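Structure record follows, encoded as C-alpha cells.
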Amino acid sequence: MTSISYKPFINDHELMLYPYAPLGLLHNQGEWPDPKYNLSIVTFASAQDINLIEWLTYHQALGVDHLYLYCIDDDPTELYRQILPFMLGEKPFITFHHYRFSKANAQIYLHFIHNYIHETLWYIHLNINDYLYFHETQKISDFINKFTNLNINVVCFNIFLFNKKDKTNNVLTTKQTTLEAIQSTNSICTDTKFLIRSRTCPYQYIFHHLNQSLDQLIYIDKLFNHSSNVLQQNMKKYYENFPDNTSSFITNEIITQVTQIAYIARLCDDTTNKDSNADNHNKEKSLSTLLNLYNPEKIWQKTLKKAWKNSFFPYPLPLLSIISHNKSYHQSSAPENYTSEDLASLLANGHIQGITQSITQREADPWWEIDLQDNYIIKIIRLFNGIDLNIENMQNFIIKSSENHTDWITRHHKTNLNLFGGTDGSYYNWLHPLGIKARWIRITVPGKNKVLSLDQIQILGMPCKNFYVP
Numbered sequence: 001m002t003s004i005s006y007k008p009f010i011n012d013h014e015l016m017l018y019p020y021a022p023l024g025l026l027h028n029q030g031e032w033p034d035p036k037y038n039l040s041i042v043t044f045a046s047a048q049d050i051n052l053i054e055w056l057t058y059h060q061a062l063g064v065d066h067l068y069l070y071c072i073d074d075d076p077t078e079l080y081r082q083i084l085p086f087m088l089g090e091k092p093f094i095t096f097h098h099y100r101f102s103k104a105n106a107q108i109y110l111h112f113i114h115n116y117i118h119e120t121l122w123y124i125h126l127n128i129n130d131y132l133y134f135h136e137t138q139k140i141s142d143f144i145n146k147f148t149n150l151n152i153n154v155v156c157f158n159i160f161l162f163n164k165k166d167k168t169n170n171v172l173t174t175k176q177t178t179l180e181a182i183q184s185t186n187s188i189c190t191d192t193k194f195l196i197r198s199r200t201c202p203y204q205y206i207f208h209h210l211n212q213s214l215d216q217l218i219y220i221d222k223l224f225n226h227s228s229n230v231l232q233q234n235m236k237k238y239y240e241n242f243p244d245n246t247s248s249f250i251t252n253e254i255i256t257q258v259t260q261i262a263y264i265a266r267l268c269d270d271t272t273n274k275d276s277n278a279d280n281h282n283k284e285k286s287l288s289t290l291l292n293l294y295n296p297e298k299i300w301q302k303t304l305k306k307a308w309k310n311s312f313f314p315y316p317l318p319l320l321s322i323i324s325h326n327k328s329y330h331q332s333s334a335p336e337n338y339t340s341e342d343l344a345s346l347l348a349n350g351h352i353q354g355i356t357q358s359i360t361q362r363e364a365d366p367w368w369e370i371d372l373q374d375n376y377i378i379k380i381i382r383l384f385n386g387i388d389l390n391i392e393n394m395q396n397f398i399i400k401s402s403e404n405h406t407d408w409i410t411r412h413h414k415t416n417l418n419l420f421g422g423t424d425g426s427y428y429n430w431l432h433p434l435g436i437k438a439r440w441i442r443i444t445v446p447g448k449n450k451v452l453s454l455d456q457i458q459i460l461g462m463p464c465k466n467f468y469v470p
C-alpha cells in the first residue's frame with residue numbers, strides 16, 4: 001500500500017487560515033491551549049546592540065519567563081554566538097529567528113502572533129533600550145495574576161527616559177555595565193508600552209493593517225475598553241484624541257505611584273529624548289528623587305549581590321573596613337624557635353590559609369591580643385579556624401575589649417562545644433549591632449592545659465571620630 005503524505009494538505013489549510021487565527025488555535029480545534037509562560041517579551045535585535053547580554057540577563061533575573069528574539073542583521077552568526085548560553089537546556093530562555101529585513105517590524109510582529117502568541121499568557125514588545133521595572137518587593141507573577149483576575153486586556157506602562165551620567169564619555173569602564181551608568185532625565189513619554197493578554201490580541205485586525213505602526217495596531221476599542229495603567233486606572237480616554245487627553249493621566253501624584261509599582265525605563269541619547277513625545281518634569285525635582293530610588297539599576301545591583309550567596313567569605317559591609325592589619329600583636333606563648341609577636345602577627349596578615357598559622361603552648365588561659373593603636377568602633381570580629389588537627393582547640397573562648405589596657409570588658413563567651421571552620425565558609429562571626437569602642441582586643445581560651453590556635457582573625461570597624469556609642 002502506497003503511503004500518502006498529508007503534510008501538503010495541512011500546510012495549504014494553514015496558509016488559507018493564516019489571516020484568521022494564530023497557529024496554536026488551528027492546531028487545537030480553534031481553542032486556546034494552556035500557555036507555557038506567564039509573561040514573554042518580543043524584541044528585534046542586532047549584534048551591534050552593546051547592552052544586549054546585560055538586557056537579556058536583567059529581564060531573566062527580573063522574572064520574565066521567555067523571550068522571542070528576531071535578529072535583523074544580514075548575517076545572524078555573531079548575534080547567535082552571543083546569545084547561545086540563553087538557548088541551551090530543556091527550557092531555553094530565548095526562541096531565536098533570523099529576519100534580516102530590519103524595516104519590516106510589522107511583518108516580524110505578525111510572525112510572532114501567528115506562530116507563538118498561544119505559548120504565553122501575556123506579552124509585551126520592547127526595544128533593546130527598554131527595561132521593564134517592577135518594584136523589588138513585587139513578584140511578576142503576582143502582578144500578572146492581579147490583572148488577569150480583573151479581566152484586563154491591556155496594561156499600559158509609562159515610559160521614563162534615562163541617559164548616561166557622563167555624556168562626554170561614550171565608553172563604559174571595564175567594571176561598569178550600561179545600567180550602572182544611567183541617570184534620570186526627569187522626562188516621561190506620552191506614549192506607553194502595552195502588556196497584552198494574548199487571547200485578546202486583535203489578530204485579524206493586525207493582519208489587515210500591517211501598514212500601520214506596531215503601537216497603532218493596538219489602538220482599537222475592543223482592547224481599550226478593558227485597559228488600565230499599572231494603577232488599574234482605565235486608559236480608554238488616554239488614547240482618545242491622543243495626545244490631547246494625556247495630561248490628566250500624567251499628574252505628579254500618578255507619576256509618584258507609578259514609579260513605585262512598575263514602568264519602563266528607556267535608555268536614550270539627547271536625540272532620542274527630543275524625538276520621544278516627552279513631557280519634561282524638570283520643575284518637579286521629586287521625580288528625579290523617585291527615579292533614583294526606584295529604577296532598574298537597583299534590581300540589577302540586587303541581582304549581582306546574589307553572587308555572594310555561594311561565597312565562602314562575606315559580602316563587604318558599607319562604612320566598615322578590616323582594621324586589624326598592620327597593627328601590634330602579642331600572644332601568651334609560642335612553640336620553641338618562634339617569638340610570640342611573630343606568630344601573633346600571622347593571624348592578621350590577611351592571608352587565609354585553611355590551616356593553623358599561629359598556636360600557643362599548652363598552658364592555662366592562653367590568649368592572643370591586638371593593639372589597634374587608637375580607639376575604634378568595632379562591630380564584627382571573625383575567627384577563622386585551621387581545618388586540621390587543631391580544630392578542637394577553639395571550642396570555648398572569650399572575647400574581651402579595653403580602651404586603656406587595664407580595664408577589660410567581656411564582650412562574648414562561646415560556651416558550647418560546636419566546632420567552627422574557616423576557609424570552608426563556616427568561620428565564627430561575632431557581631432555587635434551598635435558597635436563597641438575599643439583599642440585592644442583579647443581572645444582567650446579559658447581553662448587549664450589549653451591551646452589557642454587559629455588561621456586568621458579579622459576585626460571590622462570604623463574610626464572613632466565623634467562616633468556616639470550608647
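Position 111 of the sequence shown, counting from 1, maps to 111 under UniProt numbering, and the rest follow consecutively. In this text, a Cβ means the ideal position worked out from N, Cα and C, and glycines have one as well. Note that the structure is a prediction, hence the values are computed from the model and not measured.
Classification of residue i by the beta-carbon crowding that lies within 10 angstroms, buried from 16 upward
| i | result |
| --- | --- |
| R81 | exposed |
| K302 | exposed |
| G435 | buried |
| Q456 | buried |
| Y20 | exposed |
| T289 | exposed |
| V171 | At V171 the pLDDT is 48, less than 50, meaning the model places this residue with poor confidence and gives no usable figure here. |
| T271 | At T271 the pLDDT is 47, less than 50, meaning the model places this residue with poor confidence; the figure from the coordinates comes in the next sentence. Counting Cβ neighbours within 10 Å, T271 comes out exposed, since fewer than 16 surround it. |
| S198 | buried |
Proximal residues to residue i (C-beta, below 7 Å), its chain only, five neighbours per side dropped
| i | result |
| --- | --- |
| I108 | F44, Y70, Y99 |
| I113 | P22, C201, Y203, I206 |
| F143 | F134, A262 |
| M235 | C156, F224, S227, S228, N229 |
| P446 | D365, N396, I398 |
| L15 | none |
Chain D contact for residue i (CB, 8 Å cutoff)
| i | result |
| --- | --- |
| T95 | In summary, chain D is missing from the structure at hand, where a single protein chain is found. |
Separation of residue j from residue i, as counted between CA atoms
| i | j | result |
| --- | --- | --- |
| W300 | H135 | 12 Å |
| L454 | T57 | 41 Å |
| D374 | M394 | 28 Å |
| L417 | I391 | 11 Å |
| I399 | H412 | 5 Å |
| A106 | Y123 | 16 Å |
| E54 | L319 | 29 Å |
| T345 | A61 | The residue asked about is misnamed: residue 345 is Ser in this sequence, not Thr. Each residue's Cα considered, the two are about 44 Å apart. |
| I377 | N449 | 34 Å |
| I41 | H59 | 9 Å |
| I380 | T259 | 37 Å |
| D371 | I355 | 24 Å |
Neighbourhood of residue i by C-beta, 6 Å cutoff - its chain only, sequence neighbours within 5 removed
| i | result |
| --- | --- |
| K36 | E119 |
| R442 | W367, E369, K400 |
| H405 | W440 |
| N115 | L23 |
| Y18 | none |
Bridge partners - residue i, DSSP secondary structure assignment
| i | result |
| --- | --- |
| Q458 | R382 |
| V154 | I196, S227 |
| residue 473 | The requested residue 473 is not part of the displayed model; the chain covers only 1 to 470. |
| W300 | Its beta-bridge partners do not exist; DSSP assigns none. |
| residue 501 | Any property of residue 501 remains undetermined from this structure, which presents the chain solely from 1 to 470. |
| Q183 | N163 |
| residue 476 | The chain is shown only over 1 to 470; residue 476 falls outside these bounds and no answer can be derived. |
| N234 | S228 |
| I436 | I378 |
| A262 | F134 |
| K91 | BP columns for K91 are empty, so no partner. |
Is the segment 352-368 close to the segment 333-343, with three or more CB pairs under 8 Å?
Counting Cβ pairs under 8 Å, three or more are found: they touch.
Evaluate contact between the segment 155-163 and the segment 319-329, counting only Cβ atoms and requiring at least three cross-stretch pairs below 8 Å.
Taking one beta carbon from each stretch, the segment 155-163 and the segment 319-329 have fewer than 3 pairs nearer than 8 Å; the two do not touch.
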